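A quick write-up on the structure given underneath.
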Amino acid sequence: MTDIIETPAMHTEDASEPQEETMGAVRQLAHRLHLPTTFVKFVIVGGIGFLIFQFFLFLLYDSPAFWFLPSQDTSVDLGLFTISDVRLLIASIVAVEIAIICQFNLHERWTFRWRPRASWIGQRFIKYQLSSIMSPIIVIVTVNTLTPVLRSAAGDDSLIFTMAPYISSAIGVLLGFTWNWMLGSLIIWPHQRQADDERQAVS
Numbered sequence: 004m005t006d007i008i009e010t011p012a013m014h015t016e017d018a019s020e021p022q023e024e025t026m027g028a029v030r031q032l033a034h035r036l037h038l039p040t041t042f043v044k045f046v047i048v049g050g051i052g053f054l055i056f057q058f059f060l061f062l063l064y065d066s067p068a069f070w071f072l073p074s075q076d077t078s079v080d081l082g083l084f085t086i087s088d089v090r091l092l093i094a095s096i097v098a099v100e101i102a103i104i105c106q107f108n109l110h111e112r113w114t115f116r117w118r119p120r121a122s123w124i125g126q127r128f129i130k131y132q133l134s135s136i137m138s139p140i141i142v143i144v145t146v147n148t149l150t151p152v153l154r155s156a157a158g159d160d161s162l163i164f165t166m167a168p169y170i171s172s173a174i175g176v177l178l179g180f181t182w183n184w185m186l187g188s189l190i191i192w193p194h195q196r197q198a199d200d201e202r203q204a205v206s
């Protein structure tokens with residue numbers, strides 16, 4: 004099978020990735036979009052993480068299975084600020100953490116699988132958790148800030164009122180995506196050109 008030749012506009016970091024560790028469809032898509040295969044994989048994993056986050060957000064916020072959580076729209080005054088919906092805050096925090104764990108495993112086993120590992124998986128997981136703190140904060144703050152605004156503007160009987168938490172979370176995820184890519188690609192699984200060149204020479 005002939006390898007796809009990447010153009011200069013594309014990142015060349017995936018050129019040495021073994022064929023057995025790549026998906027033909029992903030490489031084809033990356034080639035057509037003039038994007039590195041690793042970035043396309045990262046986007047796919049991000050999409051999966053988004054679906055996981057939305058699922059658990061719905062499960063924790065709207066599902067009757069978690070009846071022991073505070074009721075919707077229960078507010079708490081903390082002095083400096085007020086949490087307008089405690090249940091939404093809890094649901095978004097738990098959903099974000101579950102999504103982070105799932106995404107780390109996918110990045111470890113698929114997105115950045117070919118990159119050299121300078122540390123054991125536990126250290127990478129801790130780094131991923133620490134470096135990902137900002138992204139969940141972006142998502143949580145966006146969800147809990149934008150949701151009341153959308154509901155106030157939409158009215159109680161509109162579809163936007165019902166979907167407000169999920170619209171807000173989508174915006175928050177988009178804002179955190181660039182942050183995640185930079186940290187994942189440059190810090191957690193850094194690209195090591197020298198190591199890649201040595202692997203390519205051996206092969």
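If you want this note's numbering, it's the position in the sequence shown, counting the first as 1, plus 3.
Glycine included, C-beta positions come from ideal geometry on N, C-alpha and C.
The structure displayed is predicted, hence computed values, not measured ones.
In this structure, DSSP gives T41 a helical state, which the three-state scheme calls helix. The Cβ neighbour count for I129, taken over all protein chains shown within 10 Å, is under 16; the residue is labelled exposed. Between the C-alpha atoms of R35 and S155 there is a straight-line separation of about 43 Å. In the DSSP assignment, P139 falls within the unbroken alpha helix (DSSP H) covering M137 to A157.
One Cα belongs to I190, the other to S161, and the distance between them is close to 44 Å.
Listed in chain order, the non-local C-beta contacts of A157 below 8 Å within the same chain comprise I163, F164 and A167, local neighbours out to five positions each way being set aside. If you draw a straight line from the Cα of V48 to the Cα of I124, it is about 18 Å long. Exclusion of the five residues before and after A33 leaves T40 and V43 as the residues of its chain whose Cβ lies within less than 6 Å of its Cβ. A check of alpha carbon separations from W70 across G187, R90, I55 and L81 identifies R90 as the nearest. Taking 8 Å as the cut-off, the Cβ atoms of G52 and Q106 count as close. Checking the DSSP bridge columns, you'll see T181 has no partner listed.
Residue environment for S135: buried (at least 16 other C-beta atoms within 10 angstroms of its C-beta). With a beta-carbon spacing of about 15 Å, L72 and I101 fall beyond the 8 Å limit used to define contacts. A Cβ-Cβ distance of about 12 Å is found for the pair V97 and V142, leaving them out of contact under the 8 Å criterion.
Listed in chain order, the non-local C-beta contacts of T114 below 7 Å within the same chain comprise T41, K44, F45 and V48, local neighbours out to five positions each way being set aside. In this structure, L60 lies away from S171, with their beta-carbon atoms at least 8 Å apart. When the beta-carbon positions are compared, S95 and N147 come within less than 8 Å of each other. A Cβ-Cβ distance of about 6 Å is found for the pair L178 and T145, placing them in contact under the 8 Å criterion. For the alpha helix (DSSP H) assignment, the uninterrupted runs of no fewer than 4 residues enclosed by the region 52-119 are, from N- to C-terminal side, 89-109. I174 and W117 have their C-alpha atoms some 31 Å from each other. In the three-state reduction of the DSSP assignment, Q132 falls in the helix class, which pools H, G and I.
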